[in-house]
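Below is one structure, written out as structure tokens, with a few remarks after it.
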Amino acid sequence: MRNKIVAGNWKMNNNATQTKALINDLKASLHNIKTNCRVVIAPTSINLSLAVQETKDSVIEVSAQNMHQASNGAYTGEISADMLLDVGINTVILGHSERRTLFDESDELLAEKVNTALEKGLEIIFCFGESLNDRKLDNHFLEVGSQVKKSLFHLPEASWKNIILAYEPVWAIGTGETASPEQAQEMHAFIRQIVEKKYNKEVAENVSILYGGSVKPSNAVEIFSKEDVDGGLIGGASLNASDFTGIITAF
Ligand code: PGA
72 MRNKIVAGNW KMNNNATQTK ALINDLKASL HNIKTNCRVV IAPTSINLSL AVQETKDSVI
132 EVSAQNMHQA SNGAYTGEIS ADMLLDVGIN TVILGHSERR TLFDESDELL AEKVNTALEK
192 GLEIIFCFGE SLNDRKLDNH FLEVGSQVKK SLFHLPEASW KNIILAYEPV WAIGTGETAS
252 PEQAQEMHAF IRQIVEKKYN KEVAENVSIL YGGSVKPSNA VEIFSKEDVD GGLIGGASLN
312 ASDFTGIITA F
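Sequential numbering of the sequence shown, starting at 72, is according to the working numbering.
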């Protein structure tokens, strides 16, 4: 049985005070709720340590939004896998479309980051997704397939227990436009199929595939009801405790 996961990507939002306040709101609103999914938040790196402390004794797990591929060294401004582990972080988001487009992260660079994260024992939420242009040109399966293959298909089968996939069509991120539940299901089934073809049925059936892109409490139930959608990676709506809780309870 694969894990159901709802992860909140806070991006570059919330200072320390706001981080603490949002975690406390979230803990309060989750208090009497029986969740059947993992709940993850990804605050900005400067507040990771604080978030780990504040979520102790709660169901909330903390993930980083990014890391550098090198173990250590002269990389001004960067953060290593060991530094994340040292403050109690066990999960990292890699390949978010904002990292790909705004920070020029290529499939090849992401493969290096994936290797380092796995070597160090981190779990990865690996994001990918097509642009609006790819979708219009009917290139979306080709593009998504290529992103997944180039950054992940060199991995041995055993590594896949530490991989969570997140399909995020770029045209749906922060735009208010969501892929329809059918479009999400179609893509998730395609991804599972290529993973099965490359590895085997067990790997394909056990990998959680999250959907991301304008998920809200009002559309989460329908999206999460799809067979191959195992949860969501939530941006905007994760910045508000009641919206995020509404999405969590959509399972
Ligand atoms: P959004 O962002 O929910 O605000 O569309 C999703 C994401 O970027 O992970």
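Don't be surprised by glycine CBs; every beta carbon is placed ideally from N, CA and C.
- Per DSSP, Ser-217 is one residue of the alpha helix (DSSP H) stretching across 211 to 223.
- Taken atom to atom, the span from the alpha-carbon of Asn-80 to that of Phe-199 is near 14 Å.
- About 5 Å separates the CB atoms of Lys-75 and Gly-302; that is less than 8 Å, so the two are in contact.
- With a cutoff of 8 Å on beta-carbon distance, Lys-184 and Asp-153 are scored as not near each other.
- Taking a contact as a CB-CB distance under 8 Å, the pair Thr-126 and Met-83 does not count as one, their CB atoms being some 20 Å apart.
- Secondary structure note for Val-110: its beta strand (DSSP E) is the uninterrupted segment 109 to 113.
- When the Cα atoms are used, Ile-150 and Leu-165 turn out to be separated by approximately 13 Å.
- The beta carbon of Ala-182 lies closer than 7 Å to those of Lys-221, Ser-222, His-225 in the same chain, with the five residues before and after it left out.
- Shown here for Ala-291: same chain residues with a beta carbon closer than 8 Å to its own, the five before and five after excluded, namely Gly-303, Gly-317, Ile-318, Ala-321 in chain order.
- Boundaries of the beta strand (DSSP E) harbouring Leu-165: 162 to 165, taken from the DSSP string.
- Contact between the region 212 to 220 and the region 249 to 262 is present: three or more C-beta pairs spanning the two stretches fall below 8 Å.
- For Glu-239, the Cβ falls inside the 7 Å cut-off from some heavy atom of the ligand PGA.
- Asn-233 carries a helical assignment under DSSP once its states are collapsed to helix, strand and coil.
- With fewer than 16 other CB atoms across the displayed protein chains lying within 10 angstroms of its CB, Pro-227 is exposed.
- Membership of Val-274 in any beta strand (DSSP E) is not indicated; the residue belongs instead to the alpha helix (DSSP H) covering 272 to 277.
- Taking 8 Å as the upper bound for CB-CB distance, Tyr-282 and Trp-231 are not in contact here, some 19 Å apart.
- One thing to note: Arg-170 has its Cβ no nearer than 8 Å to the Cβ of Asn-204.
- Between Ser-134 and the set Asn-95, His-211, Glu-194, Glu-176, the nearest pair of CA atoms involves Glu-194.
- Within the same chain, Cβ atoms closer than 6 Å to the Cβ of Thr-187 are found at Gln-140, Ala-152, the five residues on either side in sequence being excluded.
- Remark: the C-beta of His-167 is in contact range of the ligand PGA, defined as less than 7 Å to any heavy atom.
- Within the region 243 to 295, the complete beta strand (DSSP E) runs of at least 3 residues fall at 280 to 283.
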